[in-house]
Every structure is written in C-alpha cells, then in structure tokens.
Amino acid sequence: MSTHAQDLLATARRLGEQDEPYALVSVLRVLPPAAARAGDKAIVTRAGFVDGWIGGGCAQPAVLRTVQQALDDGQARLLRVAPDGELKPLDDVLQFGMSCPSGGTLELFVDPVLPRARLTVIGDSPVAQALAGLAPRVGFAVSVVAQGAEASAWPDAQQVLAADCPHATPGKIGPGSFVVVATQGRRDVQGLRCALALGGRGVWLVASARKAGVLKQSLLAAGSDAEAVSAIVAPAGTPIGACTPEEVALSVLAAVVAARRQARAAPAASAADVASQTVAVPAPAPERPVATVSSCCGGA
1316 MSTHAQDLLA TARRLGEQDE PYALVSVLRV LPPAAARAGD KAIVTRAGFV
1366 DGWIGGGCAQ PAVLRTVQQA LDDGQARLLR VAPDGELKPL DDVLQFGMSC
1416 PSGGTLELFV DPVLPRARLT VIGDSPVAQA LAGLAPRVGF AVSVVAQGAE
1466 ASAWPDAQQV LAADCPHATP GKIGPGSFVV VATQGRRDVQ GLRCALALGG
1516 RGVWLVASAR KAGVLKQSLL AAGSDAEAVS AIVAPAGTPI GACTPEEVAL
1566 SVLAAVVAAR RQARAAPAAS AADVASQTVA VPAPAPERPV ATVSSCCGGA
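Numbering-wise (the numbering used here), the sequence shown opens with residue 1316 and increments by one.
The following block contains the structure:
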C-alpha cells in the first residue's frame, strides 16, 4: 500500500472516530489535458477538502457541492466535469461545465461515508438495558444517560454518562441523536428535560398515554418549549403486543428505525438543483438536466 493511501486511511479513521461525515471522491476517468489521473482520490467533508488530490481548482467547486448533497441523503453519485461545449445528456451522471482555458474532462465517483446513527437511552430500567444491548445489532452507536450509572453495567454502550443534568449532557452528546426515555418511574421529569436539551432527531417516551400526559404537563409547567413537548412520542414503540422488557425494547427500536429510514428516503436533489446554489442554467435536453457552473471558481 502506498504512503498516500495510508495517509488517506488514517484521515478516514480520524474522521470516523470524531463521528464526522465525509465522502471518498475517486477519479474514474480522465480526458487530457487534466491535472488528475485515474485512481486519484480525496477525502472531502462538508466544509471542504481534507486530504488527497483529484485535480486542480476547476473541478473542486462542483465536487464540493456534490459532496454536500451526498452527505445530505447518503446516496453515492457519478460526476462529470467538462468544458461547456462537451456536455451531453448522460443517465445517472451529474454534469458540470467549466470555462477553464486548460480544458480536459474528469469523471468522478462520490461515495459518502456517514457515521453510525446514535441512539441515546435515558434511564436505567430493564427496558433501557434491553435497548442498549439490542440497538448496536442494528447499526446504532449507543449513549446511555442514567444518574449514577457505571460503564461496566452497560457493556454494549459506546458512551455512558452518569448524570442526567440537562445543562451538562448536550455538550457530551452531539446533536442529531435519536432519544428514548426509559426511566419508568425513576427521575422521569429529569430524564425528559435532559432529552429535550439534547436537540435530537426525535424523543420517544416509554410510558402509557395517561402517564405521558401528566409528565408533559409537568414539563410545560416548568417552562419547557410547548412545541418540543408536543413532539414527544408516547407511548413509544410499534404495537406488537410486547410484554417483556426485551419485547418492549424491540417495539421501540422498530419505531426508531422507521423514523431513521423515512428521513433517509427523502428525494435526492437533481443535478440542476445542485448547480442552482450558484447559478441556474436551463437544461439543453429535456430527458436529462445538465448543470453548468459559470466559472472555475464556482462564482456567478
């Protein structure tokens, strides 16, 4: 393995440890003159290029916009950057024109690498224990928040926080987590306040509808945001006639997985949508939109 490839792997490993999404961009084909070669690769985050090489500045604006779209929907993309006069409709290929005098054409593959979705389990009930054990089997990284929790009691959790203070927890768990409150009678209100403070992608409460109503009223009386309280899902879970803690955990996890997949199923933007962030140009062929960037720097 080349030193360059080892450097890319090290960068990818570092980003993975930081739970930062990125895309591996590979050059598939080159029509000279072009500064890149087939097989060149780069790691690109939402903020920009991190490591590697895929050619000069003419291609980079188009690549960065495509990477941002790929990170939004998790879908890989084929990308072609060519002089304006050489663009032609191609199925399943995003196309960007460039006006660089050097010319040349690059065909690239943009492969998004997303961190594992995070499930934050609040509480130390039997259902919480079952959730923390089951969720990693379906691809979740698990954080546990429970007052006085010990890491040794949660062997499948990636992270265990021993305090459910709503002011301290958000700084230790990144935004975008799916949150399940499974306190079941022990520190219910504290657990819900902690869940709301996380700013997650959804909050599920393991409780009956009647108990959930009482707890929601307590949150409102304490000044919690009414819209956030209303969005708490309770009773949590998909109805499967669950009786045991493990079955309840399974039903709750099924609901979380459904919410996760529905979010990922949002329609991807077309090539014209991607390019319209800079300048909208009518497509030359109705059967396939062709996006054109007006300059090598991506400016309008």
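Backbone N, C-alpha and C fix where the C-beta goes; we use that ideal spot for every residue, glycine too. Fair warning: this is a prediction, and the values are worked out from it, not measured in the lab.
Taking the beta strand (DSSP E) that residue i belongs to, which residues open and close that run?
{"i": "ALA1461", "result": "Note, ALA1461: premise wrong, no beta strand (DSSP E); not H, not E."}
Going by C-alpha distance, which of the options is nearest residue i?
{"i": "LYS1526", "options": "ASP1503, SER1539, GLU1422 and GLY1514", "result": "ASP1503"}
{"i": "ALA1353", "options": "LEU1343, VAL1359, ALA1362 and THR1360", "result": "LEU1343"}
{"i": "SER1467", "options": "GLY1370, ALA1447, PHE1455 and GLY1389", "result": "ALA1447"}
{"i": "GLY1372", "options": "VAL1396, PHE1455, GLN1474 and VAL1442", "result": "VAL1396"}
{"i": "VAL1544", "options": "GLY1515, PRO1470, ASP1388 and THR1420", "result": "GLY1515"}
{"i": "LEU1421", "options": "PRO1398, ASP1439 and VAL1442", "result": "PRO1398"}
{"i": "LYS1487", "options": "ARG1452, PHE1455, ASP1387 and CYS1509", "result": "CYS1509"}
{"i": "ARG1576", "options": "ALA1349, ARG1329, PHE1455 and ASP1479", "result": "PHE1455"}
{"i": "PRO1347", "options": "VAL1436, VAL1518, GLY1370 and ALA1445", "result": "GLY1370"}
{"i": "GLY1438", "options": "ARG1501, LEU1393, PRO1481 and PRO1490", "result": "ARG1501"}
{"i": "ALA1349", "options": "GLN1375, SER1492 and ALA1362", "result": "GLN1375"}
{"i": "GLN1499", "options": "ALA1483, LEU1339, ALA1450 and GLN1444", "result": "GLN1444"}
{"i": "ALA1483", "options": "ALA1362, PRO1441, ALA1472 and ALA1461", "result": "ALA1461"}
{"i": "ARG1433", "options": "LEU1330, VAL1359, PHE1493 and GLY1367", "result": "PHE1493"}
{"i": "VAL1571", "options": "VAL1496, GLY1389, VAL1382 and GLY1506", "result": "VAL1496"}
{"i": "GLY1331", "options": "SER1533, SER1341, VAL1359 and VAL1345", "result": "VAL1359"}
{"i": "PRO1441", "options": "SER1341, VAL1459, ALA1569 and ARG1361", "result": "VAL1459"}
{"i": "TRP1368", "options": "ASP1355, ARG1361 and ALA1362", "result": "ASP1355"}
{"i": "ARG1328", "options": "PRO1430, LEU1476, THR1435 and ASP1388", "result": "PRO1430"}
{"i": "ALA1524", "options": "SER1533, LEU1568, ALA1477 and PRO1550", "result": "PRO1550"}
{"i": "GLY1506", "options": "GLY1491, LEU1476, LEU1568 and GLU1562", "result": "LEU1476"}
{"i": "PRO1481", "options": "LEU1534, PRO1470, PRO1451 and TRP1469", "result": "LEU1534"}
{"i": "LEU1423", "options": "VAL1548, ALA1546, ALA1357 and LEU1568", "result": "ALA1357"}
With burial defined as no fewer than 16 other Cβ atoms inside 10 Å of the residue's Cβ, what is the status of residue i: buried or exposed?
{"i": "THR1559", "result": "exposed"}
{"i": "ALA1377", "result": "buried"}
{"i": "GLN1384", "result": "buried"}
{"i": "PRO1427", "result": "buried"}
{"i": "ALA1584", "result": "With a pLDDT of 41 at ALA1584, under the threshold of 50, the modelled position of this residue cannot be trusted; read the value that follows with caution. Buried."}
{"i": "ALA1586", "result": "For ALA1586, the predicted model reports a pLDDT of 37, less than 50, meaning its position is unreliable; a value from the coordinates is still stated below. With 16 or more Cβ atoms within 10 Å of its Cβ, ALA1586 is classed as buried."}
{"i": "LYS1531", "result": "buried"}
{"i": "ASP1479", "result": "buried"}
{"i": "GLN1333", "result": "exposed"}
{"i": "ILE1555", "result": "exposed"}
{"i": "VAL1425", "result": "buried"}
{"i": "VAL1521", "result": "buried"}
{"i": "ASP1322", "result": "exposed"}
{"i": "LEU1394", "result": "buried"}
{"i": "LEU1386", "result": "buried"}
{"i": "LEU1513", "result": "buried"}
{"i": "ALA1325", "result": "exposed"}
{"i": "VAL1453", "result": "exposed"}
{"i": "ASP1540", "result": "exposed"}
{"i": "ALA1338", "result": "buried"}
{"i": "ARG1380", "result": "buried"}
{"i": "ALA1320", "result": "exposed"}
{"i": "ALA1351", "result": "buried"}
{"i": "ALA1472", "result": "buried"}
{"i": "SER1566", "result": "buried"}
{"i": "VAL1262", "result": "Given that the chain is displayed from residue 1316 to residue 1615, the structure contains no residue 1262 and the question cannot be resolved."}
{"i": "VAL1589", "result": "Confidence in VAL1589 is poor, its pLDDT being 37 and thus under 50, which makes the residue's placement unreliable; the coordinate value appears in the next sentence. The residue in question, VAL1589, is buried, as its Cβ has 16 or more Cβ neighbours within 10 Å."}
Using beta carbons (cut-off 8 Å, strictly below), is residue i in contact with chain B?
{"i": "ASP1439", "result": "The question asks about chain B, but that chain is absent: this structure has only one protein chain."}
In the DSSP assignment, the alpha helix (DSSP H) including residue i goes from what residue to what residue?
{"i": "VAL1378", "result": "1375-1388"}
{"i": "ARG1501", "result": "Premise fails: ARG1501 is in no alpha helix (DSSP H) and is neither H nor E."}
{"i": "ALA1447", "result": "1441-1449"}
{"i": "GLN1532", "result": "1524-1536"}
{"i": "ALA1541", "result": "1541-1545"}
When DSSP builds the beta bridges, which residues end up paired with residue i?
{"i": "GLY1363", "result": "THR1360"}
{"i": "LEU1434", "result": "VAL1457 and PHE1493"}
{"i": "GLY1517", "result": "PHE1493"}
{"i": "PRO1427", "result": "ALA1338"}
{"i": "LEU1421", "result": "VAL1345 and VAL1396"}
{"i": "GLN1474", "result": "SER1458"}
{"i": "VAL1572", "result": "DSSP, once it has assigned bridges, lists no residue as partnering VAL1572."}
{"i": "VAL1548", "result": "TRP1519"}
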